[in-house]
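*Asks:*
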Amino acid sequence: MTTLPQPPDILSPEFAADPYPGYRILRAHYPLFHDPGTDSFLVSRYEDVARAFRDPVFTTDNYAWQLEPAHGGRTLPQMSGREHSVRRALVAPAFRGRELREKFLPVIERNARELIDAFRDAAETDLVASFATRFPINVIVDMLGLDRADHDRFHGWYVSAVGFLANLAQDPEVAEAGRRAGRELSAYLLPIIHERRANPGDDLLSTLCTAEVEGTRMNDRDITSFVSLLLSAGGETTDKALAALFRNLLAHPDQLAAVRADRSLIPVAFAETLRFTPPVQMIMRQTAAEVTLSGGTVPAGATVTCLIGAANRDERQYARPDTFDVLRGDLSPATAFSAAADHVAFGLGRHFCAGALLAHAEVQVAAGQLLDAFPAMDFAEGAAPADAGVFTRGPEHLRVRLAPGEDPPDGLIPRTPQPPRDSR
Ligand code: HEM
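First residue of the sequence shown: 3, per the numbering used here; consecutive thereafter.
1) Can you have a look at Ile415 and say buried or exposed, based on whether 16 or more other CB atoms are within 10 angstroms of its CB?
2) I need the DSSP call for Gly184, collapsed to helix, strand or coil.
3) Ile142: beta carbon under 7 Å from a heavy atom of the ligand HEM?
4) Report yes or no: do the region 227-241 and the region 355-367 share at least 3 C-beta pairs separated by less than 8 Å?
5) Which one of Gln8, Asp63, Ala273 and Phe106 has the shortest CA to CA distance from Gln288?
6) What whole-angstrom Cβ distance do Ser46 and Leu258 have, given they're in contact under 8 Å?
7) Let me check understanding here. Comparing Cα to Cα, which of Arg115, Gln8, Arg53 and Arg198 lies closest to Thr307?
8) Candidates Thr127, Leu244, Ala163 and Gly297: which alpha carbon is nearest Ala405's?
9) Could you check the C-alpha separation between Arg98 and Leu360 for me, to the nearest Å?
10) Taking a contact to mean a Cβ-Cβ separation below 8 Å, would you say Ala347 touches Asn314 in this structure?
11) Assign Leu350 to buried or exposed, taking buried as 16 or more other Cβ atoms, counted over all protein chains shown, within 10 Å of its Cβ.
12) For Phe156, which of Thr218, Ser230 and Pro323 has the nearest alpha-carbon?
13) Which class does Ala271 belong to by DSSP, given the choice of helix, strand or coil?
14) Suppose the cutoff is 6 Å on Cβ atoms and the five residues either side in sequence are ignored; what does the same chain contact list for Leu206 look like?
15) Apply the 10 Å Cβ neighbour rule to Leu295 and answer buried if 16 or more other Cβ atoms are within range, or exposed otherwise.
16) Would the beta-carbon of Pro21 fall within 8 Å of that of Gln319?
17) Could you give the residue range of the alpha helix (DSSP H) that holds Ile139?
18) By the 10 Å Cβ neighbour count, where 16 or more other Cβ atoms means buried, how is Leu129 classified, buried or exposed?
19) What would DSSP say about Asp424, mapped onto helix, strand or coil?
20) Quick one: is the Cβ of Gly236 within less than 7 Å of any heavy atom of the ligand HEM?
21) Name the two residues that bound the continuous alpha helix (DSSP H) containing Gln68.
22) Along the chain, where does the beta strand (DSSP E) that runs through His153 open and close?
23) Indicate whether Gly429 and Ser227 have their beta-carbon atoms separated by less than 8 Å.
24) Considering Cα atoms alone, identify which of Ala302, Ile285 and Ala342 is closest to Leu44.
25) My output table needs one value for Thr418: the three-state DSSP class, helix, strand or coil.
26) Looking at the strands, I want to know which residues DSSP matches up with Met284.
27) Any heavy atom of the ligand FAD closer than 7 Å to the CB of Thr218?
28) Find out if the Cβ-Cβ distance for the pair Arg89, Asp316 is shorter than 8 Å.
29) Return yes when the Cβ of Ile12 is within less than 8 Å of the Cβ of Val392, no when it is not.
30) Let me know if Asn1 comes out buried or exposed under the rule of 16 or more other beta-carbons within 10 Å of its beta-carbon.
31) With a 10 Å radius around its C-beta and 16 neighbouring C-beta atoms as the bar for buried, classify Leu6 as buried or exposed.
32) Roughly how many angstroms lie between the CA atoms of Gly203 and Leu148, to the nearest whole one?
33) How big is the Cα-Cα spacing for Gly413 and Arg401?
34) For Ala385, is the beta carbon positioned less than 7 Å from some heavy atom of the ligand HEM?
35) Can you name, in chain order, every residue of its own chain whose Cβ lies under 7 Å from the Cβ of Pro419, other than the five neighbours on each side?
36) For Ile27, I'd like the list of residues in its chain whose CB is within less than 7 Å of its CB, leaving aside the five on either flank, ordered along the chain.
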């Protein structure tokens with residue numbers, strides 16, 4: 003008689019140190035598992051996670067307790083139907099197509115350059131502290147037309163907001179820090195919102211202040227919670243993705259060399275990073291009715307935890323799922339940043355990440371500039387740092403040795419490839 007391996011305790015330190023063996027056990031033996039620690043049903047196979055993102059029987063009502071208190075109001079992920087599509091249409095143009103290319107690409111390029119300038123001549127740096135945690139938030143702050151001098155406050159607020167979302171163990175201090183961050187950000191934003199309503203500019207915050215949704219303007223609370231969502235959705239995720247991309251490439255020097263030689267491979271390497279080490283490891287849903295998945299039946303009214311990190315390594319979906327392989331044939335770079343993606347790092351369906359193409363543009367530009375500036379970048383400590391975090395996950399530090407490259411001759415700016423067309 004064979005004995006089944008124990009299901010993992012997703013709140014345990016062992017799971018936090020390396021969740022992937024636990025994910026494998028779940029996929030193979032407990033594809034639908036009621037986790038007592040989080041009182042939710044864990045879903046780990048690709049097919050089931052994709053279904054939960056696409057099928058409206060899996061609602062996002064859970065965000066009423068998981069997100070709303072930290073943002074101080076209802077936000078996109080919580081909405082459905084027409085309310086959702088109308089609100090999403092307000093910000094979507096800024097994050098794709100012409101507006102992204104013409105208006106915001108220069109902002110992205112300038113922000114990457116300015117941050118790199120601060121350590122261009124250094125022998126070593128921690129790429130997480132000096133670049134990854136600063137770059138995406140600086141970009142979104144510039145897009146909104148807020149003051150970059152307040153970076154540390156924005157960073158503190160979004161870390162607390164994401165902490166609230168990720169508070170699987172229901173720690174009351176973490177919950178209170180999230181609520182406090184929502185209140186503080188809201189108090190910070192209100193006078194700025196009033197100013198922008200009176201004197202709108204060309205920025206995204208002015209767009210939110212002046213836009214009419216079904217004949218009415220968004221009220222102050224709608225806008226403060228929307229901005230709070232954008233700061234946290236656009237900050238911590240891309241930050242972890244960038245750090246993981248460089249860690250994964252530095253750990254595979256042959257693949258790094260291929261990307262250096264052919265910069266059109268940057269988005270391909272980014273897509274494989276999102277599959278292999280997704281920054282958002284899990285997303286929850288609530289069932290509106292009883293529903294049957296490949297692993298069993300979930301009752302109505304249950305909370306379901308969709309394990310993105312497990313689905314993205316499902317052996318039913320990918321060959322050699324535990325191998326980082328930029329050139330794998332079963333992940334399409336052409337669709338990786340659209341709702342037709344064949345990985346689930348951005349979710350799928352109607353709540354598919356609204357900022358996927360912005361993240362693509364940010365990583366394309368940042369990785370291109372970093373590779374140009376440091377032609378011999380390598381791990382400073384000889385080995386790849388591990389990831390940390392259970393809900394969101396990525397390297398906490400990435401100490402790299404830098405060998406500064408030559409400045410390009412005057413007028414010769416390295417070419418930055420454009421974002422792909424939005425295929426949604
Ligand atoms: C690599 C970076 C990123 C990752 C891995 C990521 C991941 C995700 C995931 C998994 C969702 C789905 C949530 C759900 O279905 O409940 C989502 C939604 C969302 N993301 Fe991202 N995200 C990233 C970057 C960004 C950026 C840069 C922005 C914009 C500033 C952004 C804005 C949003 C918004 C507004 C939603 C809600 C969409 C909706 O409910 O319709 N994300 N993201």
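Think of the CB as a built atom: it goes at the ideal place given N, C-alpha and C, for glycine as much as any other residue.
Fair warning: this is a prediction, and the values are worked out from it, not measured in the lab.
*Replies:* Looking at the atomic coordinates:
1) As a first step, residue 415 must be located in the sequence shown, where it is residue number 413. Unreliable positioning characterises Ile415 in this predicted model, as indicated by a pLDDT of 40, which lies under 50. The coordinate reading is nonetheless provided below. It counts as exposed.
2) Sequence index remark: in the sequence shown, residue 184 carries index 182 (1-based). Of the three classes helix, strand and coil, the one that applies to Gly184 here is helix, per DSSP.
3) Translated into the one-based positions of the sequence shown, residue 142 becomes position 140. Indeed, a heavy atom of the ligand HEM lies less than 7 Å from the Cβ.
4) Counting Cβ pairs under 8 Å, three or more are found: they touch.
5) Counted from its first residue, the sequence shown places residue 288 at position 286. Restricting attention to Gln8, Asp63, Ala273 and Phe106, the CA atom closest to the CA of Gln288 is found in Asp63.
6) Counting from one through the sequence shown, the residue named residue 46 turns up at place 44. Counting from one through the sequence shown, the residue named residue 258 turns up at place 256. Incorrect: roughly 31 Å between the Cβ atoms, too far for contact.
7) Numbered from its first residue, the sequence shown carries residue 307 at position 305. Closest option to Thr307, Cα to Cα, is Arg53.
8) The residue labelled residue 405 in the question sits at position 403 within the sequence shown. Of the candidates Thr127, Leu244, Ala163 and Gly297, the one whose C-alpha sits nearest the C-alpha of Ala405 is Thr127.
9) Start at 1 with the first residue of the sequence shown, and residue 98 comes out as number 96. Start at 1 with the first residue of the sequence shown, and residue 360 comes out as number 358. Near 7 Å, if we compare the C-alpha coordinates of Leu360 and Arg98.
10) Position 345 of the sequence shown holds residue 347. Position 312 of the sequence shown holds residue 314. Cβ atoms of Ala347 and Asn314: closer than 8 Å.
11) As a working note, residue 350 is residue 348 in the sequence shown. Classification of Leu350: buried, given that the 10 Å Cβ count is 16 or more.
12) Within the sequence shown, residue 156 is the residue found at index 154, counting from 1. Distances from the CA of Phe156 to each of Thr218, Ser230 and Pro323 were compared; the closest alpha carbon is that of Ser230.
13) Within the sequence shown, residue 271 is the residue found at index 269, counting from 1. Note: Ala271 maps to helix in three-state DSSP.
14) Reading the sequence shown from its first residue, position 204 is the one you call residue 206. If we look at Leu206 and ignore the five residues flanking it on each side, its Cβ neighbours are Ala96, Met145 and Leu146.
15) Taking the sequence shown and counting its residues from 1, the one referred to as residue 295 is at position 293. Looking at its Cβ environment, which holds 16 or more other Cβ atoms inside 10 Å, Leu295 is buried.
16) For this step, residue 21 is matched to residue 19 along the sequence shown. For this step, residue 319 is matched to residue 317 along the sequence shown. Not a contact, by the Cβ cut-off of 8 Å.
17) Residue numbering aside, residue 139 sits at position 137 when the sequence shown is read from its first letter. Start and end: Phe137 to Leu146.
18) Within the sequence shown, residue 129 is the residue found at index 127, counting from 1. Within a 10 Å sphere around the beta-carbon of Leu129 sit 16 or more other beta-carbons, which makes this residue buried.
19) On the sequence shown, residue 424 is found 422 positions in, with the first residue counted as 1. Model confidence at Asp424 stands at a pLDDT of 38, short of 50, so the residue's coordinates are unreliable; what they give is reported in the following sentence. Coil.
20) Counting from 1 along the sequence shown, the entry for residue 236 is found at position 234. Answer for Gly236: yes, Cβ within range of the ligand HEM.
21) Position 66 of the sequence shown, counted from the start, is the residue given in the question as residue 68. Its alpha helix (DSSP H) spans residues Tyr65 to Gln68.
22) Counting from 1 along the sequence shown, the entry for residue 153 is found at position 151. Here His153 belongs to no beta strand (DSSP E); instead the alpha helix (DSSP H) covers His153 to Leu167.
23) Because the chain here runs from 3 to 426, residue 429 falls outside it and cannot be looked at.
24) Mapped onto the sequence shown, residue 44 falls at position 42. Closest by alpha carbon: Ile285.
25) Residue numbering aside, residue 418 sits at position 416 when the sequence shown is read from its first letter. Because the pLDDT at Thr418 is just 40, under 50, the model does not fix this residue reliably, and the point stays unresolved.
26) Taking the first residue of the sequence shown as 1, we reach residue 284 at position 282. Checking the DSSP bridge columns, you'll see Met284 partnered with Leu309.
27) With respect to the ligand FAD, the structure offers nothing, as its ligand set consists of the ligand HEM.
28) In the sequence shown, the residue the question calls residue 89 occupies position 87. In the sequence shown, the residue the question calls residue 316 occupies position 314. If you check the CB distance, Arg89 and Asp316 do not come in under 8 Å.
29) As a position in the sequence shown, residue 392 is number 390, starting the count at 1. As a position in the sequence shown, residue 12 is number 10, starting the count at 1. Taking the C-beta atoms as reference points, Ile12 is found nearer than 8 Å to Val392.
30) In the structure as shown, the chain begins at 3 and stops at 426. Residue 1 is therefore absent and cannot be evaluated.
31) Mapped onto the sequence shown, residue 6 falls at position 4. Of the residues assessed, Leu6 falls on the exposed side of the cut-off, its CB having fewer than 16 other CB atoms within 10 angstroms.
32) Your numbering for residue 203 matches position 201 in the sequence shown. Your numbering for residue 148 matches position 146 in the sequence shown. Taking the straight line from one Cα to the other gives about 12 Å.
33) Taking the first residue of the sequence shown as 1, we reach residue 413 at position 411. Taking the first residue of the sequence shown as 1, we reach residue 401 at position 399. Residue placement at Gly413 is flagged as unreliable, the pLDDT there being 41, under the threshold of 50; a coordinate-derived value is accordingly withheld.
34) Taking the first residue of the sequence shown as position 1, residue 385 is located at position 383. Exclusion of Ala385 from the 7 Å shell around the ligand HEM follows from its C-beta lying no nearer than that to any non-hydrogen atom of the ligand.
35) For the purposes of this step, residue 419 is identified with residue 417 of the sequence shown, where counting begins at 1. With a pLDDT of 41 at Pro419, under the threshold of 50, the predicted position of this residue should be treated as unreliable, and no value is reported.
36) The residue you call residue 27 lines up with position 25 of the sequence shown. Sequence-distant partners of Ile27 (beyond 5 residues in either direction) whose C-beta falls short of 7 Å from its own C-beta, in its chain, are Pro7, Pro9 and Pro10.
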